[in-house]
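Step one of this worksheet: look at the structure below.
In the numbering used here, the protein residues as written are 396 to 594.
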């Protein structure tokens, strides 16, 4: 009991929390999104934020800010990146109607029935909240035209996950020798945003 009392009496100091958004540029600037799967090593950005934060003991959380990207920890190696893309497309192949789909493969996702959307009150409200006046037939058509055929990208993002938290010890991230923290873009190439928070 005495050890607990003395430990709890030690002042912890001021709380530290540093947050930052990192813009990850498109791997193919100027190219229209075509549902390519790309993998970007975020480790240098994250290491720099950890060092700049001054946090010696804590955690860094990395969060994808998109529904068709994922954050994962694994080895950054170019041939493995190619394997990742092939493997993901086998798990959730693109819809026949998408730019990456194989016509005649009979793969269809309900999310991609754009002409039927928005079909629920909550989706209609999300459209309105995001600046789309879908009550206007012309605006509704503009919204539908900008919606990609990308249900497989959403599904794969859910499988991989949208965040990772990594311990910080002695001012450094605790990851393995060959590990990198990576952004997997499943609906690219596009510029993407990743949120970082050190505490």
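By construction, the Cβ of each residue, glycine as well, lies at the ideal position given by its N, Cα and C atoms.
Buried or exposed for residue i, please, with buried defined as at least 16 other CB atoms from any protein chain shown within 10 angstroms of its CB.
| i | result |
| --- | --- |
| residue 577 | buried |
| residue 441 | buried |
| residue 424 | exposed |
| residue 473 | exposed |
| residue 402 | In this prediction, residue 402 has a pLDDT of 48, which is less than 50 and means its spatial position is unreliable; what the coordinates show is noted afterwards. Exposed is the call here. |
| residue 485 | exposed |
| residue 559 | buried |
Can you round the beta-carbon distance between residue i and residue j to whole angstroms, since I take them to be within the 8 Å contact cut?
| i | j | result |
| --- | --- | --- |
| residue 419 | residue 435 | 5 Å |
| residue 450 | residue 563 | 6 Å |
| residue 487 | residue 551 | 5 Å |
Using CA atoms only, rank isn't needed, just tell me which of the options is closest to residue i.
| i | options | result |
| --- | --- | --- |
| residue 567 | 471, 458, 453 and 468 | 453 |
| residue 462 | 475, 594, 545 and 591 | 545 |
| residue 430 | 479, 489 and 415 | 489 |
| residue 543 | 532, 506 and 525 | 506 |
| residue 421 | 593, 455 and 587 | 587 |
| residue 478 | 513, 433, 502 and 449 | 433 |
| residue 413 | 426, 528, 444 and 482 | 444 |
| residue 416 | 520, 455, 495 and 565 | 455 |
| residue 585 | 446, 447 and 460 | 460 |
| residue 475 | 593, 575, 512 and 591 | 575 |
| residue 553 | 446, 483, 426 and 502 | 483 |
The alpha helix (DSSP H) that contains residue i, what's its start and end?
| i | result |
| --- | --- |
| residue 588 | Here residue 588 belongs to no alpha helix (DSSP H); instead the beta strand (DSSP E) covers 587-593. |
| residue 548 | 546-555 |
| residue 441 | 438-448 |
| residue 517 | 516-524 |
| residue 481 | 473-486 |
Is the distance from the Cβ of residue i to the Cβ of residue j below 9 Å?
| i | j | result |
| --- | --- | --- |
| residue 470 | residue 538 | no |
| residue 508 | residue 499 | no |
| residue 549 | residue 493 | no |
| residue 465 | residue 556 | yes |
| residue 569 | residue 457 | no |
| residue 467 | residue 579 | yes |
Between which two residues does the beta strand (DSSP E) holding residue i run?
| i | result |
| --- | --- |
| residue 574 | 574-583 |
| residue 562 | 558-564 |
| residue 470 | 464-470 |
| residue 535 | From DSSP, residue 535 is part of no beta strand (DSSP E) but of the alpha helix (DSSP H) over 532-541. |
| residue 455 | 453-459 |
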